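Positions 1 to 436 (our numbering) are the ones given, in order, by the sequence shown.
Structure first, then comments.
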Amino acid sequence: MSRGEQNQMVRIRDYLKPLDEEVLIDSSQYSDSSVVSKKIRGSDPRSILFTRPFKGKDPLIANLYSTRSKIEKLMGVEEEGLFKRVTEAKRLLVKPAVREGGWDGEESDPERLSRIPVLKYYVEDAGSYVTSSIIVAKDPEDKVVNMSVHRLLHLNSNRFAVRMVEGRHLHQIFLKHKALGRDMRIVVLIGTPIHIILSASTQLPKEVSEMEYAGALDGRPLAITYLDGFDLPVPLESEYVFKGRIRIDLTAREWMTDILCLPDKPRDQPILEVEKVYSKENPVYHAILPGGLEHKMLMGYPAEVKIREKLVENNVNVKDVWLSSGAGGWLHCFISISKKREEEPYNVIRLVMETHRSVKGVVVFDDDIDPRSYEDVDFALATRFQDKGKFYFFEKMRGSSLDPSSDQENLLTSKWGLDLTIPAGVDRKRFLRSSM
């Protein structure tokens with residue numbers, strides 16, 4: 001299913017039919033967000049729709065984009081065809097199109113925020129978080145529009161603390177506004193179709209528009225509008241839109257459980273003040289469980305694509321790339337290849353570390369091993385590891401702030417690589433499992 005195959009725009013509710021049996025429906029009403037969070041965790045990776053999670057609150061859906069097969073189904077691509085779609089889309093960017101008539105829903109004051117079922121997921125979290133929020137902002141110098149995913153800690157009434165990763169595009173735009181002495185005008189999108197949130201989750205070159213990439217992913221121009229007094233394009237395929245500004249003079253302490261299910265360190269982050277809330281008729285709030293498979297999918301899959309693109313560019317015959325779920329879909333990379341030369345696995349390890357700088361460990365397998373199967377990984381480790389020269393150890397390399405064992409002050413860590421391919425010059429049949 002993709003918008004390119006239909007005339008109307010896509011809403012979250014439209015995904016319930018194609019996913020069908022993959023969606024659990026929960027019609028109970030709860031008084032504690034921890035119960036809802038546990039139900040989301042318990043159903044993962046199966047999608048779950050809460051039709052009335054709390055009294056007076058909007059419906060909530062979670063685990064919506066939790067697997068590659070779901071995303072392939074929703075984007076209308078064949079099994080294993082997602083990589084081709086996302087790589088081709090980067091070359092076939094489609095400019096968004098302004099739709100006449102403006103926003104097709106309700107416009108409200110910030111009091112409308114009280115009806116959105118924002119959850120506190122873990123005991124250790126600073127508070128209730130919006131986790132599917134996409135921020136749209138414009139560079140004051142080159143006028144480039146950025147669209148990227150950022151968590152929002154709900155502080156009170158119309159204020160949120162915005163987590164900005166230092167050095168990323170939105171943070172750079174914010175620093176430019178700060179240097180000019182101006183608050184940053186933004187819009188926040190919540191509850192978007194897969195082509196929008198996947199585009200916003202992808203780290204693209206600054207000169208490439210995430211909105212044009214989203215249109216290419218969907219096969220037609222992204223429908224946008226402009227809100228009164230704002231020169232920021234707003235994708236109409238959003239359940240909610242917040243219009244507001246990020247203050248350059250106010251911060252708040254925020255921290256949340258990260259993709260490894262570890263508490264992130266507290267940081268002072270800028271404050272968003274919401275001025276208007278726009279919502280569709282009967283909107284559905286999209287909640288992404290921190291550390292859940294949906295979180296790992298949306299954050300990790302674009303990195304897998306980047307790694308695979310780099311390997312293909314270097315003439316590696318790649319079968320599959322997986323950033324393993326146990327390492328948060330971020331720190332460990334398992335790769336299967338058709339090996340051409342004995343030194344190729346080492347070169348693959350180095351290429352991965354150069355391409356995805358957060359990676360800590362890389363394992364390279366032959367193409368008979370499914371890197372997404374822990375059973376296969378265990379089998380390869382048991383039957384193909386022997387030579388200590390095939391284990392590589394690297395010290396004081398740039399690491400990830402998510403890894404608590406790394407040097408957090410300097411972001412340095414130890415890394416390792418393991419070649420589990422069958423050595424040259426041996427009887428290959430002795431290493432291959434029997435056929436039925």
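Ideal placement from N, C-alpha and C gives every residue a C-beta, glycine not left out.
Here the structure is a predicted model, which means the values were calculated and not measured.
Terminal residues of the alpha helix (DSSP H) in which residue i lies
| i | result |
| --- | --- |
| residue 356 | Careful: residue 356 lies outside any alpha helix (DSSP H) and carries neither H nor E. |
| residue 8 | Premise fails: residue 8 is in no alpha helix (DSSP H) and is neither H nor E. |
| residue 189 | Residue 189 -> not in any alpha helix (DSSP H); beta strand (DSSP E) instead, spanning 184-190. |
| residue 88 | 82-89 |
| residue 214 | 210-218 |
| residue 199 | 194-200 |
Selection from the options that minimises the alpha carbon distance to residue i
| i | options | result |
| --- | --- | --- |
| residue 191 | 135, 229, 273 | 135 |
| residue 158 | 181, 242, 83, 220 | 242 |
| residue 212 | 389, 146, 430, 344 | 146 |
| residue 117 | 57, 364, 90, 63 | 57 |
| residue 362 | 418, 294, 238 | 418 |
| residue 273 | 152, 357, 115 | 152 |
| residue 125 | 139, 37, 193 | 37 |
| residue 238 | 284, 208, 267, 219 | 284 |
| residue 15 | 108, 62, 30 | 62 |
| residue 49 | 43, 71, 26, 39 | 26 |
| residue 19 | 47, 287, 9, 35 | 47 |
| residue 155 | 41, 375, 253 | 253 |
| residue 181 | 220, 140, 219 | 140 |
| residue 307 | 230, 263, 335 | 335 |
| residue 263 | 77, 183, 122 | 122 |
| residue 302 | 143, 148, 98, 109 | 148 |
| residue 326 | 338, 373, 106 | 373 |
| residue 248 | 176, 432, 314 | 176 |
| residue 256 | 12, 115, 229, 150 | 150 |
| residue 392 | 279, 222, 348, 185 | 348 |
| residue 331 | 161, 277, 414, 337 | 414 |
| residue 107 | 184, 298, 98, 228 | 228 |
| residue 245 | 271, 298, 251, 225 | 271 |
| residue 452 | 280, 71, 356 | Because the chain in this structure spans residues 1 to 436, residue 452 falls outside the shown range and cannot be described. |
| residue 104 | 206, 226, 416 | 226 |
| residue 314 | 218, 76, 344, 204 | 344 |
| residue 514 | 287, 398, 406 | This structure gives no information on residue 514, because the portion of the chain shown stretches from 1 to 436. |
Exposure of residue i, with buried meaning 16 or more beta-carbon neighbours within 10 Å
| i | result |
| --- | --- |
| residue 260 | buried |
| residue 403 | buried |
| residue 386 | exposed |
| residue 429 | exposed |
| residue 233 | buried |
| residue 304 | buried |
| residue 440 | Lying before the first or after the last residue shown, residue 440 is absent from the chain, which here runs from 1 to 436. |
| residue 96 | buried |
| residue 3 | The pLDDT assigned to residue 3 is 46, lower than 50, so where the model puts this residue is not dependable; a value taken from the coordinates is nonetheless given after this. Result: buried. |
| residue 269 | buried |
| residue 174 | buried |
| residue 179 | exposed |
| residue 432 | exposed |
| residue 235 | buried |
| residue 53 | buried |
| residue 266 | exposed |
| residue 396 | exposed |
| residue 164 | buried |
| residue 188 | buried |
| residue 185 | buried |
| residue 375 | exposed |
Opening and closing residue of the beta strand (DSSP E) in which residue i lies
| i | result |
| --- | --- |
| residue 376 | Not the beta strand (DSSP E): residue 376 falls in the alpha helix (DSSP H), residues 374-384. |
| residue 302 | Element bounds for residue 302: not the beta strand (DSSP E) but the alpha helix (DSSP H), 293-313. |
| residue 69 | Taken as a continuous stretch (DSSP letters only), residue 69 belongs to no beta strand (DSSP E), being part of the alpha helix (DSSP H) at 68-75. |
| residue 17 | Where residue 17 is concerned, there is no enclosing beta strand (DSSP E), although the alpha helix (DSSP H) it sits in stretches over 16-19. |
| residue 417 | 412-419 |
| residue 246 | 240-254 |
| residue 392 | 391-398 |
| residue 271 | 267-279 |
| residue 480 | Given a span of 1 to 436 for the chain in the structure shown, any question on residue 480 remains unanswerable. |
| residue 42 | Run containing residue 42: none in the beta strand (DSSP E); it sits in the alpha helix (DSSP H), 33-43. |
| residue 226 | 223-226 |
| residue 365 | 361-366 |
Near the ligand ADP: residue i beta-carbon under 7 Å from a heavy atom
| i | result |
| --- | --- |
| residue 17 | Annotation note on the ligand ADP: not contained in the displayed structure, which lists no ligands. |
* To do: Would you check if the region 373-380 and the region 348-357 touch, i.e. whether three or more CB-CB distances between them fall below 8 Å?
  => Contact fails: fewer than three Cβ-Cβ distances are below 8 Å.
* **Inter-stretch contact (C-beta, 8 Å, three-pair minimum) for the region 286-295 and the region 61-74** => The answer is yes - the region 61-74 touches the region 286-295, with three or more Cβ pairs under 8 Å.
* Does the count of Cβ pairs from the region 386-400 and the region 368-375 closer than 8 Å reach three? -> The region 386-400, when compared against the region 368-375, does not touch it at the 8 Å Cβ threshold.
* To do: Evaluate the contact criterion for the region 80-97 versus the region 118-132: three or more CB pairs, one atom per stretch, below 8 Å.
  => Proximity of the region 80-97 to the region 118-132 falls short of the contact definition, fewer than three beta-carbon pairs being nearer than 8 Å.
* Residue ranges of each alpha helix (DSSP H) within the region 130-175, 4 or longer -> None, since the region 130-175 contains no complete alpha helix (DSSP H) of that length.
* Sufficient close CB pairs (3 or more, under 8 Å) joining the region 169-179 to the region 318-335 -> With the cut-off at 8 Å, the region 169-179 and the region 318-335 do not touch.
* Is the region 15-30 in contact with the region 203-218, if contact means three or more CB pairs nearer than 8 Å? -> No: the two stretches stay apart, fewer than three of their Cβ pairs being nearer than 8 Å.
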